[in-house]
Amino acid sequence: MRINKNWQTVCFLATAFLARPAYMGRLSQMKKVMGSIPIPVADNPWAAMLIDPLTVEFRANMTEVPRYSLDSKPEWAPAGWDMEKVMDMTVEEWESLTERQRDVLRAGMEAHCGTEFKNEVIDDMMARSEPKAPADPPTQPPNFMSVMQRYHSTGDLGFVFYRTTYDQDDEQWSLIKQKLNTIVESTFDYYSNIDGVNEAKQRWKLLWVEDPEKFKDMTPKDLGAHYRDSMGKLPMNYKHSMFFAVDQASARSLLLADTSSDRLQERPRLGDVIPFVIAMDNNLGLDTEPEPEPEQQTEYSPADDDEDHEDLETWYGPFRAQPSSIVDGIYTIVASEIMEMHEFAYAAHGTDDVWWDSYAGVWTIDDEGRYVERPFEDAALLRVEYREKKEKKKTSTTTHDSREL
7 MRINKNWQTV
17 CFLATAFLAR
27 PAYMGRLSQM
37 KKVMGSIPIP
47 VADNPWAAML
57 IDPLTVEFRA
67 NMTEVPRYSL
77 DSKPEWAPAG
87 WDMEKVMDMT
97 VEEWESLTER
107 QRDVLRAGME
117 AHCGTEFKNE
127 VIDDMMARSE
137 PKAPADPPTQ
147 PPNFMSVMQR
157 YHSTGDLGFV
167 FYRTTYDQDD
177 EQWSLIKQKL
187 NTIVESTFDY
197 YSNIDGVNEA
207 KQRWKLLWVE
217 DPEKFKDMTP
227 KDLGAHYRDS
237 MGKLPMNYKH
247 SMFFAVDQAS
257 ARSLLLADTS
267 SDRLQERPRL
277 GDVIPFVIAM
287 DNNLGLDTEP
297 EPEPEQQTEY
307 SPADDDEDHE
317 DLETWYGPFR
327 AQPSSIVDGI
337 YTIVASEIME
347 MHEFAYAAHG
357 TDDVWWDSYA
367 GVWTIDDEGR
377 YVERPFEDAA
387 LLRVEYREKK
397 EKKKTSTTTH
407 DSREL
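Using our numbering, you'd call the opening residue of the sequence shown number 7 and step up by one each time.
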């Protein structure tokens, strides 16, 4: 996912939206003044330097997250502006505001709707002010190419995928597999100008294991046992320490996800359905030690940190993985054996969120599989409503113009 912005735009954003005085208190002190709606801060204390003190002030007085509609007129917006106007503002309108109005508007969006909401509104505003420049094609071979050439230079290659959901008819299942292939292979498409990538794409194939009598609703641990038992029968290029499954929830996410080429190359927007599959380590199920009963658990102590670290080392999944991360992310790591699963997928441990990168972490999703920022799920849905209204208006205008011709 690439963002095409020139240096002037970057300077504008840095000046307009990040230049407020830094809140320099320690993280422990900050937690005391953030009210009941906290501002998420990374473990790195330097992240705190970018927190707007006015946002902190807004949050400190909040007891719940507001639920806005397109025609809501929040008190932090300029006089007469509703939420639709906030999301529709232009650079010229932003620059016409006083410094205080800009400060309040920026902080109000972040405090009441979330950081991602604020960033999307800013990105939209900038995109409307200048044509989107075409992305420069990559010039360096991707990491997965050297791994393929070293370990899997001939023959088909890929991962084993289990189907554990059978509620779909043949047409639906065919569409699910087609969309999954489209997402996975988008990595090859992005690097298609690099020598050897198109040939690698032709060799890449998912190896499906399907049998409703045997695998319908099979648990991840049972899948792990079956995968280990089948390892000796698998083609050499499919013998990995990880494998995948498509269950009911992931099948739904694939059906609903937008797999158009432009969306596959961009960061997901708030409210977008995030496609995912179930990823597992082949050791899943070997550790059969029962989990402690709730009443046996004690209050937190610093020693728990060491115990959590030890538990993580024996964590074998499952977790939800974005399919576009499979080739250049998971395959590259697993085939070259440079990290174990718990080392690169740790951000997905203990969550239902979708892993997409060993550095950037996970996409947070709601119960419907939409990308959200907690606890601002309603703001994500507002973004969806806004985009749908804009698209409907655009389609109506296009239809009207074509009739006049």
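Beta carbons: idealized from backbone N, C-alpha and C, even for Gly. Small disclaimer: the values here were computed from a predicted structure and weren't measured.
Cβ of residue 269 within 8 Å of any chain B Cβ: Absent from the structure: chain B. Only one protein chain is present.
Cα-Cα separation between residue 65 and residue 118, rounded to whole angstroms: For the purposes of this step, residue 65 is taken as the residue at position 59 of the sequence shown. For the purposes of this step, residue 118 is taken as the residue at position 112 of the sequence shown. About 8 Å.
Selection from 96, 182, 371 that minimises the alpha carbon distance to residue 262: Walking along the sequence shown from the start, residue 262 turns up at place 256. Cα-wise, what sits closest to residue 262 is 182.
Range of the contiguous beta strand (DSSP E) that encloses residue 248: Residue mapping note: residue 248 aligns to position 242 of the sequence shown, counting from 1. Here the beta strand (DSSP E) through residue 248 covers 248-252.
Between the CA atoms of residue 363 and residue 375 - distance to the nearest angstrom: Translated into the one-based positions of the sequence shown, residue 375 becomes position 369. Translated into the one-based positions of the sequence shown, residue 363 becomes position 357. Rounded to whole angstroms, residue 375 to residue 363 spans 18 Å at the Cα level.
Under the three-state DSSP convention, the category residue 367 falls into: Here the question's residue 367 lines up with position 361 in the sequence shown. Strand at residue 367.
In DSSP terms, what residue 284 is bridged to: Translated into positions along the sequence shown, residue 284 becomes position 278. Residue 284 pairs with 251, 326.
Residue 77 CB to nearest heavy atom of the ligand NAP below 7 Å: Summarising the ligand content, the structure contains no ligands, and the ligand NAP is consequently not present.
Three-pair Cβ contact test at 8 Å for the stretch 147-162 versus the stretch 221-231: no
Buried versus exposed, by CB contacts within 10 Å (16 or more), residue 328: Residue mapping note: residue 328 aligns to position 322 of the sequence shown, counting from 1. When all chains shown are included, residue 328 counts as buried.
Which of helix, strand or coil DSSP assigns to residue 100: For this step, residue 100 is matched to residue 94 along the sequence shown. Helix.
Stretch pair the stretch 258-272 + the stretch 197-213: three plus CB contacts closer than 8 Å: no
Assigned exposure category for residue 112 - 16 Cβ within 10 Å defines buried: By 1-based counting over the sequence shown, the position of residue 112 is 106. Its Cβ being crowded by 16 or more others within 10 Å, residue 112 is buried.
4 or more residues per run - each alpha helix (DSSP H) lying fully within the stretch 81-140: 89-94, 97-102, 105-119, 121-135
Same chain only: Cβ atoms within 7 Å of residue 134, ignoring 5 sequence neighbours per side: In the sequence shown, counting from the first residue as 1, residue 134 sits at position 128. These residues qualify, in order along the chain: 96.
Beta-carbon gap between residue 382 and residue 120 smaller than 8 Å: As a first step, residue 382 is located in the sequence shown; it is residue number 376 there, counting from the start. As a first step, residue 120 is located in the sequence shown; it is residue number 114 there, counting from the start. Yes, the pair counts as a contact, with Cβ atoms nearer than the cut-off.
Alpha carbon of residue 303 to alpha carbon of residue 319, nearest angstrom: Here residue 303 is taken as the residue at index 297 of the sequence shown, counted from 1. Here residue 319 is taken as the residue at index 313 of the sequence shown, counted from 1. Because the pLDDT of residue 303 is 45, which lies under 50, any placement of that residue in the model is unreliable, and the number read from its coordinates should be weighed accordingly. The straight-line gap from Cα to Cα measures roughly 20 Å.
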